[in-house]
Amino acid sequence: MRGNIRGFSLLEIMLVLVLLGGLATLVIGALPGAPSLKQHEERLSAQLQWAAERAVQEGQVYGVAVAAREWQLVKLVRAPQGEHASYYWPGHYWQPVSSSNKPPQPTLLPESVNLRLILEEHPHPLRATLQEQGLEPQMLLMPGGEVSRFELQLLTENQPPRTVSLKPERLR
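Per full-length UniProt numbering: the sequence shown = residues 1 to 172.
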């Protein structure tokens, strides 16, 4: 009776392992990875363009508050009595806005990506978080199509920096 019981041969086991390994490689390769630096650049550029166009369409001042690894689009609105007013715009405050239907949230970058802000061709120091800095924007998008002269660079160790800027001629 013992002679009739037969297991799998080594060749059959190896064949199954090779097939499972091939399937695992296909599945892992099809999963979406972390966004690349180029994707972060495209998202930031699209949000800046959206805010600049909204500023012109609505006739309101928009801005971009930037920290080392996050940014937030904001809009200047009249402050109700008792509301914390903007330092530079008395009687107004900066309200967070969103380019989507979601509630406004700062856009966070992965830990491996940092932002560098260059205003008027000079590097501008950034705080670690927007909470430390507040929502007072460093870049303004005016209703007449004017924009602050800036470059926003996305930096990571293993890739060249990606630069985002808005030029007034792109808004018309």
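Glycine residues also receive a C-beta, built at the ideal position from the N, C-alpha and C atoms.
So is Arg170 buried or exposed if we call it buried at 16+ other beta carbons inside 10 Å? Caution applies to Arg170, whose pLDDT of 45 falls short of 50 and renders its modelled position unreliable; the model cannot decide the point.
Alpha helix (DSSP H) segment containing Val56, residue limits: 37 to 58
In terms of DSSP beta bridges, what is Asn114 paired with? Leu155
Taking 8 angstroms as the limit between beta carbons, can you name the residues of its chain near Ala79, skipping five residues before and five after? Ala85, Ser86, Gly91, His92, Tyr93
Applying the 10 Å Cβ sphere with the 16-neighbour rule, what's the burial state of Pro137? Classification for Pro137: buried.
Would you kindly check if the distance between the Cβ of Val74 and the Cβ of Pro96 is under 8 angstroms? yes
Can you tell me where the beta strand (DSSP E) with Gln72 in it begins and where it stops? 70 to 78
Can you look up Thr107 in the DSSP assignment and give me helix, strand or coil? strand
Looking at the secondary structure, which residues open and close the beta strand (DSSP E) in which Gln138 lies? No beta strand (DSSP E) holds Gln138; DSSP gives it neither H nor E.
Relative to the C-alpha of Trp71, which candidate in Gln133, Arg6, Glu146, Gly7 has its C-alpha closest? Gln133
Give the single residue among Gln39, Val147, Met14, Gly145 whose Cα lies nearest to the Cα of Leu155. Gln39
How far does the beta strand (DSSP E) with His63 in it reach, from first residue to last? According to the sequence as given, residue 63 is Gly; it is not His. First-last of the beta strand (DSSP E) with Gly63: 62 to 67.
What does the Cβ neighbour count give for Met139, buried or exposed, with the cut at 16 atoms within 10 Å? So Met139 counts as buried.
Tell me the DSSP secondary structure of Arg172 in three-state form. Any reading at Arg172 must be qualified, since the residue scores a pLDDT of 42, below 50, and its modelled position is unreliable; the value itself is stated next. Coil at Arg172, not helix or strand.
Out of Glu111, Ala68, Leu130, Gly63, point me to the one whose CA is closest to Ser148's CA. Gly63
Would you tell me roughly how many angstroms separate the C-alpha atoms of Ile28 and Val18, rounded to the nearest one? 15 angstroms
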